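J.:
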């Protein structure tokens, strides 16, 4: 009895402590014996679905990346191929251009050679002309020196011809008849020869500067290289007179008859009171020398005098080379 009471008391105390233990400690499930779970054969779980989706996504991404890499490599290969083709075309064009230039150069070589020869010939001709001009100027200087010497000599000896021409009055032979007179180189500077008959007179290289020759008859007179500078030739008859290289600088030619006169090489610089129509009645008037203002009046170019000088030099050269 006593043993039963003790058990009951213990059971009651255990029952009192049980709620407190249940509050402080988790309840331990009762041990149940389990048997091995057999493999599932039904629908896949969510986990398997997620793994499958992940694998699909990863495979798609890998495929997309592989395709992208292939496109990049293909594009790089295409660009490299195009660059190589472009370089090859550029080289081909450069080669063709070089060949074309070589062909052009080959074709132009005869033309360039012909031009070079023509230029060399032109330079040679210019050099020859310069030499001819220099020679002509040298001759002019020598001729001037020769004339100066002759002038000095004439000053020393007047000659019988001049004395005969001036026998009437020293320095005055107006109205005299000196037709066909031989007065080559005579010094008649300032002589009064008004209305004098000097038809066909030989007055080559005569000094008639400042001479009074108004209304004088000098038709057919030979006045080559005569000095008629400042001469008074108003109304004088110079028809068919030979005035080659005569000096007529500042001569008075008002009303003078120059019909048929030979003016080749005549110096007519600053001639006074003369018209273009008077000059144009003469022969070889285009081979005479004029001042710039009168050149324009005659319709001649500004370089006329230089051209005449060259032409006269050529004429003299031809004369010296003639047999």
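In the working numbering, the protein residues as written are 23 to 345. Where a beta carbon is used, it is the ideal one built from N, C-alpha and C, also for glycine. Fair warning: this is a prediction, and the values are worked out from it, not measured in the lab.
1. Take the Cβ of residue 76 as the centre, count every other Cβ of all protein chains shown within 10 Å, and call the residue buried at 16 or more, exposed below.
2. Could you check the C-alpha separation between residue 104 and residue 119 for me, to the nearest Å?
3. In the DSSP assignment, the alpha helix (DSSP H) including residue 335 goes from what residue to what residue?
4. Quick one, are the C-beta atoms of residue 303 and residue 280 less than 8 Å apart?
5. Would residue 239 be called buried (16 or more neighbouring beta carbons within 10 Å of its own) or exposed?
6. With burial defined as no fewer than 16 other Cβ atoms inside 10 Å of the residue's Cβ, what is the status of residue 94: buried or exposed?
7. State the CB to CB distance for the pair residue 221 and residue 246, rounded to an integer number of angstroms; the pair is presumed to be in contact (CB under 8 Å).
8. Could you tell me whether the region 126-142 touches the region 294-303, using the rule of 3 or more Cβ pairs below 8 Å?
9. Taking the alpha helix (DSSP H) that residue 319 belongs to, which residues open and close that run?
10. By the 10 Å Cβ neighbour count, where 16 or more other Cβ atoms means buried, how is residue 91 classified, buried or exposed?
11. Would residue 317 and residue 324 qualify as a contact pair, given that the criterion is a beta-carbon distance under 8 Å?
12. In the DSSP output, what is residue 279 paired with across the bridge?
13. Buried or exposed for residue 218, please, with buried defined as at least 16 other CB atoms from any protein chain shown within 10 angstroms of its CB.
14. Measure the Cβ-Cβ separation of residue 313 and residue 291 and say whether it is below 8 Å.
15. Have a look at the DSSP bridge pairing and note the partners of residue 274.
16. Mapping the DSSP letters down to three states, classify residue 286 as helix, strand or coil.
17. Which residue or residues does DSSP assign as beta-bridge partners of residue 305?
18. Spell out the partners DSSP gives residue 311 in its beta bridges.
19. One question on the structure: do residue 234 and residue 264 come within less than 8 Å of each other, judged by their Cβ atoms?
20. Can you grab the Cα-Cα spacing for the pair residue 74 / residue 88, in whole Å?
21. Bridge partners for residue 126 per DSSP, in chain order?
22. Nearest-angstrom Cα distance between residue 322 and residue 150?
23. Looking only at its own chain, which residues have a Cβ that is under 8 Å from the Cβ of residue 147, when we skip the five neighbours before and after it?
24. Which value, in whole angstroms, describes the spacing of the CA atoms of residue 172 and residue 269?
25. So, using beta-carbon positions, are residue 249 and residue 225 closer together than 8 Å?
26. When we look at the beta-carbon of residue 259 and count the other beta-carbons within 10 Å, is it buried (16 or more) or exposed?
27. Using C-beta distances below 6 Å, list every residue in its chain close to residue 24, excluding the 5 sequence neighbours before and after it, in chain order.
T.: Reading off the structure:
1. Translated into positions along the chain shown, residue 76 becomes position 54. Exposed: under 16 other Cβ atoms inside 10 Å.
2. For the purposes of this step, residue 104 is taken as the residue at position 82 of the chain shown. For the purposes of this step, residue 119 is taken as the residue at position 97 of the chain shown. Here the C-alpha atom of residue 104 lies approximately 22 Å from the C-alpha atom of residue 119.
3. Taking the chain shown and counting its residues from 1, one reaches residue 335 at position 313. From DSSP, the alpha helix (DSSP H) with residue 335 extends over 326-343.
4. The sequence position of residue 303 within the chain shown is 281, counting from 1. The sequence position of residue 280 within the chain shown is 258, counting from 1. The Cβ atoms of residue 303 and residue 280 sit closer than 8 Å to each other.
5. Residue numbering aside, residue 239 sits at position 217 when the chain shown is read from its first letter. Residue burial is scored here from C-beta neighbours: residue 239 has at least 16 other C-beta atoms within 10 angstroms and is therefore classed as buried.
6. Numbered from 1 along the chain shown, position 72 holds the residue referred to as residue 94. So residue 94 ends up on the exposed side.
7. The residue labelled residue 221 in the question sits at position 199 within the chain shown. The residue labelled residue 246 in the question sits at position 224 within the chain shown. At roughly 16 Å, the Cβ-Cβ gap does not stay under 8 Å, so residue 221 and residue 246 are not in contact.
8. Cβ pair count under 8 Å is below three, so no.
9. Within the chain shown, residue 319 is the residue found at index 297, counting from 1. Unbroken alpha helix (DSSP H) run through residue 319: 314-320.
10. As a position in the chain shown, residue 91 is number 69, starting the count at 1. Counting C-beta atoms within 10 angstroms of its own C-beta, residue 91 has fewer than 16 neighbours from the protein chains shown and is therefore classed as exposed.
11. Translated into the one-based positions of the chain shown, residue 317 becomes position 295. Translated into the one-based positions of the chain shown, residue 324 becomes position 302. Yes, Cβ-Cβ distance for residue 317 and residue 324 is below 8 Å.
12. Residue mapping note: residue 279 aligns to position 257 of the chain shown, counting from 1. Residue 279 is bridged to 259.
13. Locating residue 218 in the chain shown gives position 196, where the first residue counts as 1. Here residue 218 is buried. Its C-beta has 16 or more other C-beta atoms within 10 Å.
14. Position 291 of the chain shown, counting from 1, holds the residue named residue 313. Position 269 of the chain shown, counting from 1, holds the residue named residue 291. Yes.
15. Stepping through the chain shown from its first residue, residue 274 is reached at position 252. Beta-bridge partners of residue 274 (DSSP): 254, 294.
16. Within the chain shown, numbered from 1, the residue matching residue 286 stands at position 264. Residue state, collapsed to three classes: coil.
17. Here residue 305 is taken as the residue at index 283 of the chain shown, counted from 1. The partner list for residue 305 (beta bridge, DSSP) reads 284.
18. Mapped onto the chain shown, residue 311 falls at position 289. Bridge pairing for residue 311: 289 [DSSP].
19. In the chain shown, the residue the question calls residue 234 occupies position 212. In the chain shown, the residue the question calls residue 264 occupies position 242. A distance of 8 Å or more separates the beta carbons of residue 234 and residue 264.
20. Taking the chain shown and counting its residues from 1, one reaches residue 74 at position 52. Taking the chain shown and counting its residues from 1, one reaches residue 88 at position 66. So the two alpha carbons sit approximately 21 Å from each other.
21. Start at 1 with the first residue of the chain shown, and residue 126 comes out as number 104. Residue 126 is not bridged to any residue.
22. For this step, residue 322 is matched to residue 300 along the chain shown. For this step, residue 150 is matched to residue 128 along the chain shown. Rounded to the nearest angstrom, the two C-alpha atoms are 26 Å apart.
23. Within the chain shown, residue 147 is the residue found at index 125, counting from 1. Annotation for residue 147: no residue places its beta carbon closer than 8 Å to its own, counting only its chain and skipping 5 residues before and after.
24. Counting from one through the chain shown, the residue named residue 172 turns up at place 150. Counting from one through the chain shown, the residue named residue 269 turns up at place 247. In a straight line, the C-alpha of residue 172 is about 16 Å away from that of residue 269.
25. Taking the first residue of the chain shown as 1, we reach residue 249 at position 227. Taking the first residue of the chain shown as 1, we reach residue 225 at position 203. By the CB criterion at 8 Å, residue 249 and residue 225 fall outside the cutoff.
26. The residue given as residue 259 occupies position 237 in the chain shown. Buried is the call here.
27. Here residue 24 is taken as the residue at index 2 of the chain shown, counted from 1. In this prediction, residue 24 has a pLDDT of 45, which is less than 50 and means its spatial position is unreliable; what the coordinates show is noted afterwards. Here the set comprises nothing.
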